[in-house]
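**Student:** Residue numbers (full-length UniProt numbering): 1 to 407. Heads up, the beta-carbon is just placed ideally off N, CA and C, and yes, glycines get one too. Can you keep this structure in mind? I'll have questions shortly.
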Amino acid sequence: MVCSQLSIFEAKIRYIKANGPFSEGDAITGTVSFHLTKETKVKSASVKAKGDAHVHWTEGSGDDETSYTAHRRYFKDKQFFVAENANGVTCLCTELVYGNTLIGVLPKGSHHFKFSLKIPSESMPSSFKGAHGHIVYMLEAKISRKWRWSSTVKKELNFLSNLFFYDVFQCPQSGSVNKKLGVFSNKESIHMHFVCVRVCVLGDTLSAFAKVCNSSSKSMRFKFSVLQKTVFRASGSTNTSSNVLFKAVGNTVGPKSEATCSCNIKIPTSAIYNMDNCEIISVEHVLKVYLDISFRVDPEVVFPLVIAPSSSTSPDEEVEPSPFGAFGAPSYSDFPAGSGVSQYPAPVPTQPANPASGYEWPQNAPSYGFSAAALAYQPEVQPPSYTSLFDDCQGAVERSDLDQKRT
């Protein structure tokens, strides 16, 4: 991290962020502090913030192995404290917190440089780490000397995009499916209807409702699941992985009967939230309810589900000290030190998609982004009345029974 042969005893980055993670348009403000064990000639001293997305995976083996790599740079802002001018003369680009110093020479002791870097206001993806790629926002301080290795200190920033507005998705969504079990008649059929909200946050619990009108002679069971799909893109190819975040089995529906089933769906706090504003990495979710019928193709209803990050706050953050020890001189920084660290959630382990499972990702399913704002599920908002959705269910069963009596 910091090399003692460069006369640097310790280096730190300290910045202020009182309202949680960084977002578009924010300023990164703080100080870079380091301690010199003796008077030192410095070629340059700088701090920069940058955001990058990177994807890499390999396919095949041996001579047939193929690598796929893609990279995107979203922004970089850099500020020099000490730098060489056009004539090759090293000079200060800013004043020390405690006063001036000799041009190109920093005295023994502690030094503190203020900085302020700007994050662009354009849409950028949130921090992410996955099996074949990552999106990382980094703050980096660097001190360079002639004919010496540079000394660098890095701090990863927690970034959450806030440019997605999804009030339109607050209303519950509903869907239905009809399936005929008879080949040449409509005597045995199934009518299933499903209602659920379409937006939630990490750690939230959703309430899903399903009703089935079973006019067949088969018994069946409700099943619910939440699936996550992550797609990595590079060189015109894609690498897709899917993961089951939640699954549950509901009640059994007997022959010639109706049944209503409700399910509390728990979204893990370790899940990856939706992301669609990165060209090389995307994350989507779907909520699926289906009927498990023996020796039949299971009828199912699939909805897109938006999982957003929960709001969080964190105190000031700072880099851990280097192994060379603490500051040897009093600190002149006017920025208070903090101890809290905010980290974005670690992804759940992914696994390759299983085509044999019978589940196919919707080809035309829309993708959604997310906001850093909290979207707590409102339990007092009730789903649409089942009366309006299922008026024809009882009639369907009665008509099926009447048809059988006539035959």
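Please list the segments of the beta strand (DSSP E) lying wholly inside the UniProt domain "Arrestin C-terminal-like" (186-312), counting only runs of 3 or more residues, in order along the chain.
**Tutor:** For the UniProt domain "Arrestin C-terminal-like" (186-312), whole beta strand (DSSP E) runs of length 3 or above, ordered along the chain, are 189-196, 199-201, 205-214, 220-234, 237-253, 257-266, 281-293, 300-308.
**Student:** If you count every other CB in all the chains shown that lies within 10 Å of the CB of S110, and 16 or more means buried, which is it?
**Tutor:** S110 should be labelled buried.
**Student:** G62 by DSSP, collapsed to three states: which one?
**Tutor:** Three-state result, G62: helix.
**Student:** Between A234 and Y74, how many whole angstroms is the CB-CB distance? I'm expecting something under 8 Å.
**Tutor:** Not really, about 17 Å apart at Cβ, beyond 8 Å.
**Student:** Short of 8 Å in beta carbon distance, which residues of its chain neighbour P255, apart from the five on each side in sequence? Order them along the chain.
**Tutor:** Closer than 8 Å at the Cβ level, and outside the excluded window around P255, lie N214, S216, S217, K218, S219.
**Student:** Since V105 contacts K41 with CB under 8 Å, what's their CB separation in whole angstroms?
**Tutor:** Between K41 and V105 the Cβ distance is about 5 Å, and since that is below 8 Å, they are a contact.
**Student:** Which of helix, strand or coil does DSSP assign to T37?
**Tutor:** Three-state result, T37: coil.
**Student:** For the region 43-54 and the region 267-275, state whether three or more C-beta atom pairs, one from each stretch, are separated by less than 8 Å.
**Tutor:** In short, these stretches do not touch, since the Cβ pair count stays below three.
**Student:** Ends of the beta strand (DSSP E) at G133?
**Tutor:** Unbroken beta strand (DSSP E) run through G133: 133-144.
**Student:** Report the option in M275, P21, L287 whose CA atom is closest to the CA atom of F303.
**Tutor:** That would be L287, whose Cα lies nearest to the Cα of F303.
**Student:** Closer than 8 Å by C-beta to F22: which residues in its own chain qualify, once you throw out the five before and the five after it? Chain order, please.
**Tutor:** Here the set comprises I28, I119, Y137, L157, N158, F159, L160.
**Student:** With a cut-off of 8 Å on the beta carbons, I'd call M275 and S126 a contact; round off their distance for me.
**Tutor:** Confirmed, Cβ separation roughly 6 Å.
**Student:** Can you name, in chain order, every residue of its own chain whose Cβ lies under 8 Å from the Cβ of F200, other than the five neighbours on each side?
**Tutor:** The residue asked about is misnamed: residue 200 is Cys in this sequence, not Phe. Around C200: L206, I267, L305, V306, I307, A308, L375, Y377.
**Student:** For G328, count the other beta carbons within 10 Å of its own beta carbon; 16 or more makes it buried, fewer makes it exposed. Which is it?
**Tutor:** With a pLDDT of only 31 at G328, under the threshold of 50, the placement of this residue in the model should not be trusted; the figure read from the coordinates follows. So G328 ends up on the exposed side.
**Student:** Can A248 and F224 be called in contact, C-beta distance under 8 Å?
**Tutor:** Going by C-beta atoms, A248 is nearer than 8 Å to F224.
**Student:** Can you find the residues in the same chain that come closer than 6 Å, C-beta to C-beta, to N239, ignoring five residues on each side of it along the sequence?
**Tutor:** Result list for N239: W57, H132, F232, in chain order.
**Student:** Tell me the residue span of the beta strand (DSSP E) that contains L117.
**Tutor:** It spans 109-118 - the beta strand (DSSP E) in which L117 sits, taken as one unbroken run.
**Student:** Helix, strand or coil for R148 per DSSP?
**Tutor:** Three-state DSSP puts R148 in coil, outside helix and strand.
**Student:** Using DSSP bridges, identify the partner residues of V75.
**Tutor:** Residue identity check: residue 75 is Phe in the sequence provided, not Val. According to DSSP, F75 bridges with G51.
**Student:** Excluding five sequence neighbours on each side, which residues of the same chain lie with their C-beta closer than 7 Å to the C-beta of D26?
**Tutor:** Excluding residues within five positions, the ones whose Cβ falls inside 7 Å are I119.
**Student:** Is there a Cβ of chain D sitting closer than 8 Å to that of V231, yes or no?
**Tutor:** Absent here is chain D; the protein component of the structure consists of one chain.
**Student:** Using the Cα positions of V55 and K229, report the straight-line distance between them to the nearest angstrom.
**Tutor:** Looking at the two C-alpha atoms, the distance is approximately 16 Å.
**Student:** Once the 5 residues before and after Q363 are set aside, which same chain residues still bring their CB inside 7 Å of it?
**Tutor:** Residue confidence for Q363 is low, a pLDDT of 42 falling below 50, so the modelled location carries little weight; the figure read from the coordinates is stated next. Excluding positions up to five away in sequence, the list is empty.
**Student:** In or out: G51 buried (at least 16 other Cβ within 10 Å) or exposed?
**Tutor:** G51 comes out buried.
**Student:** Can A70 and I265 be called in contact, C-beta distance under 8 Å?
**Tutor:** Contact flag unset, no.
**Student:** Given a cut-off of 8 Å on the beta-carbon distance, is the pair E39 and P107 in contact?
**Tutor:** Yes. Within cutoff.
**Student:** Alpha carbon to alpha carbon, what distance is there between T37 and T31?
**Tutor:** So the alpha carbons of these two residues sit roughly 20 Å apart.
**Student:** Whole angstroms is fine: what's the gap from S257's alpha carbon to V301's?
**Tutor:** Taking the straight line from one Cα to the other gives about 20 Å.
**Student:** Can you find the residues in the same chain that come closer than 6 Å, C-beta to C-beta, to A49, ignoring five residues on each side of it along the sequence?
**Tutor:** Same-chain partners within the cutoff: I28, D77, L117, L139.
**Student:** For T152 and K114, what's the separation of their Cα atoms in angstroms?
**Tutor:** Answer to the nearest angstrom: the Cα atoms are 17 Å apart.
**Student:** Taking DSSP as the reference, what is the three-state secondary structure of E156?
**Tutor:** E156: strand per DSSP, three-state reduction.
**Student:** Going by beta carbon distance, what residues of the same chain come within less than 7 Å of S282, once the five residues before and after it are set aside?
**Tutor:** Correct list, in chain order: V231, M275, D276, S367.
**Student:** What are the partner residues of G130, as DSSP defines its beta bridges?
**Tutor:** Per DSSP, none; premise fails for G130.
**Student:** Look up V42 in the DSSP assignment and say whether it is helix, strand or coil.
**Tutor:** V42 falls in the coil class under three-state DSSP.
**Student:** Between G236 and T66, what straight-line distance do the alpha-carbon atoms span, to the nearest angstrom?
**Tutor:** One C-alpha to the other measures close to 13 Å.
**Student:** Taking just the CA atoms, how far does R198 sit from S310?
**Tutor:** If I take the Cα positions, the gap works out to 16 Å.
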